[in-house]
Structures are given as C-alpha cells and as structure tokens.
Amino acid sequence: MKQANGASSARSDVEEQAELTIDQLAQRTGMTVRNIRAYQSRGLLPPPEVRGRTGYYGPEHVARIELIKELQADGFKLDHIRRLLDGAAGSSHEVLRFTRMLRMPFGDERTEVVTVEDLAARWRSRDPSLLERAIRLGLLRPLGDGRYEDLSPTLSRAGQELVEIGIPIEEALATLEAVKRHADAIARSFVKLFLEHIWLPFEREGTPEERWPEIADVLERLRPLALESVMAVFRLAMTEATERAFGRELQRFRRRLRDEERRARA
1 MKQANGASSA
11 RSDVEEQAEL
21 TIDQLAQRTG
31 MTVRNIRAYQ
41 SRGLLPPPEV
51 RGRTGYYGPE
61 HVARIELIKE
71 LQADGFKLDH
81 IRRLLDGAAG
91 SSHEVLRFTR
101 MLRMPFGDER
111 TEVVTVEDLA
121 ARWRSRDPSL
131 LERAIRLGLL
141 RPLGDGRYED
151 LSPTLSRAGQ
161 ELVEIGIPIE
171 EALATLEAVK
181 RHADAIARSF
191 VKLFLEHIWL
201 PFEREGTPEE
211 RWPEIADVLE
221 RLRPLALESV
231 MAVFRLAMTE
241 ATERAFGREL
251 QRFRRRLRDE
261 ERRARA
C-alpha cells in the first residue's frame, strides 16, 4: 500500500507541475497555439509531458515563453534566442529571473510625462538648445506632440531647486554632464567587478544549473552595495571639497564663534 501511495503522490506532483494543455498554455502566455508549435519545431521549447494522447505543459514552459517574448522585445531574433537558451544551463525560471534583474532599473523611481511648457517653467528658459541637451544627457525621451518622458523626476526636481536658488540652468546641466561622466565610469567599474569575478568564472564552469540562483543573488546584492558605496564616497568627497574650498573661511568663522562663547561666559 505504501508503494501505491508513493506512486500516487509522485503522479500528483507531476500533474501539478505539468497541467496545462496547449490551448491553456496559449491563453496563459498570450500566445497563439500556432506560435507555440513553431517555437517547439525550432527547438525553443522542450516537449510536453504526454499522458494518454494529450501533451501537458508546466511552469517551465510558461517561464520559457515569457523569456522568449522578453528577449524578442529586446530585439533578439529567434535563432539567437535558441543559441542563448541552449548555452544557458539553468532552468528558464532562473534565466528569466536573471535577465529581468539585469534589465531592472536601479531604484523604483517612476517616470513622468512633461510638456515643453512644464520644462520652460522649471528652467525659467525657453532656449531649445537646453531641451536638446537634456535629451542627449538621457534625462528626457521625446514622445511626440510636444510631450517628453522625464526619466528621473528626482534629478528634475534637483535642477529646478538649483534654478530657484539662483544657479542658471545652463550651469546646472553642465555640472550634471560632469557628474554623469564620473557616474558612467563608476558604473563600468562595478560591472567589471561582477563580470571578472562572478560571471566569467561561472561561464567557464559551463553555467551549471545549480549555481544560477547563487549568481542571481550576487547580482541582487551588488545593486544596493554599489549605490551605498557611491553615496558614502560622495559624502566624504563633498566634505573634503567643502573643507578645501572654505578652509580659511571656516577657520575664521570658528574663531569668531569661540570668541563669542568666551565673551558670553565672561
């Protein structure tokens, strides 16, 4: 009886893993049955589990189709996707998780849609060259009809506040250009660390399936570490730069404070 129960339990687990017919799979993934069969014929999808005369598909097939769709949206051709999937030893779930993590923006900031009038009010200027400059910097993305996607409302608010305290928008954008150059170099440094010490050794091992979760976790941990490191270094750098720029002024100011304290105690 124990054996029978074990077989029944194993059968139940299998059914739970592979329970979708091809029509249900098509509905779940937003694909047509014809496209799913085309994926199978091109080696992009593993075969279904056949029980009786019906093929059943499971979560692995769903994840594989979602991954294919996302890679297609990124411009990959199906032949390239097949080669990529053949080379990735991990399950589709893990590969999908990893690719989504790679494409995920750092932080959860939501973009906003702004008009030329909005920008003119923020910048206190209607100079069209400023708009072109902001687009080149990657701050704005044209949407047509005089509308733009503001890719970083946080930066936009910072720029607006700089203008409000008396900094010309031209100078604010020039400073941002310099900051972006340094930020690009920092980002490349962190990516290089991940590639050289994590990804390439993993690739040399043949991307073993059991290590995909570990690699994804390392990437997930690296993201906040990179941001925290940059913020910590920037705080130190700002302190040092301020001390250097205002060193004498600060010394005089501190002496004056000490003199005032002594007079107050007298």
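Numbering of the sequence shown is given in full-length UniProt numbering, commencing with residue 1 and proceeding in unit increments.
Cβ coordinates follow ideal geometry from the N, Cα and C atoms, glycine included.
None of these values were measured; they are calculated from a predicted model.
1) Would residue 267 be called buried (16 or more neighbouring beta carbons within 10 Å of its own) or exposed?
2) Using alpha carbons as the reference points, say which of 265, 247, 139 lies closest to residue 154.
3) If I follow the unbroken alpha helix (DSSP H) through residue 115, where does it start and stop?
4) Which residue comes first and which comes last in the beta strand (DSSP E) that contains residue 150?
5) On the DSSP letters alone, give me the boundaries of the alpha helix (DSSP H) that residue 45 sits inside.
6) Please state the DSSP three-state secondary structure of residue 13.
7) Have a look at residue 192 and residue 81 and give me their C-alpha separation to the nearest angstrom.
8) Is the CB-CB distance between residue 31 and residue 219 below 8 Å?
9) Taking 8 Å as the threshold (C-beta atoms), are residue 128 and residue 135 in contact?
10) From residue 169 to residue 203, what distance separates their C-alpha atoms?
11) Would you identify the three-state DSSP class for residue 140, choosing helix, strand or coil?
12) Once the 5 residues before and after residue 71 are set aside, which same chain residues still bring their CB inside 6 Å of it?
13) If we call anything under 8 Å between Cβ atoms a contact, is residue 20 one with residue 56?
14) What's the gap between the Cα of residue 37 and the Cα of residue 98?
15) Please classify residue 61: is it buried, with 16 or more other beta-carbons within 10 angstroms of its beta-carbon, or exposed?
16) Relative to the C-alpha of residue 145, which candidate in 258, 151, 165, 117 has its C-alpha closest?
17) Along the beta strand (DSSP E) that carries residue 55, what are the first and last residues, could you check?
18) Residue 65: buried (16+ other C-beta within 10 angstroms of its C-beta) or exposed?
Let's see:
1) The structure shown does not extend to residue 267, since the chain spans only 1 to 266, so no value can be given for it.
2) 139
3) Following the DSSP letters along the chain, one finds residue 115 in no alpha helix (DSSP H) but inside the beta strand (DSSP E) bounded by residues 112–115.
4) 147–150
5) First-last for residue 45: undefined, no H or E at that position.
6) With a pLDDT of 38 at residue 13, under the threshold of 50, the modelled position of that residue is not reliable, and the figure given next carries that caveat. Helix.
7) 25 Å
8) no
9) Not in contact: residue 135 and residue 128 (Cβ atoms no closer than 8 Å).
10) 46 Å
11) strand
12) 81
13) yes
14) 26 Å
15) buried
16) Among 258, 151, 165, 117, the Cα nearest to that of residue 145 is on 117.
17) 54–56 is the extent of the beta strand (DSSP E) around residue 55.
18) Buried, since its Cβ has 16 or more Cβ neighbours within 10 Å.
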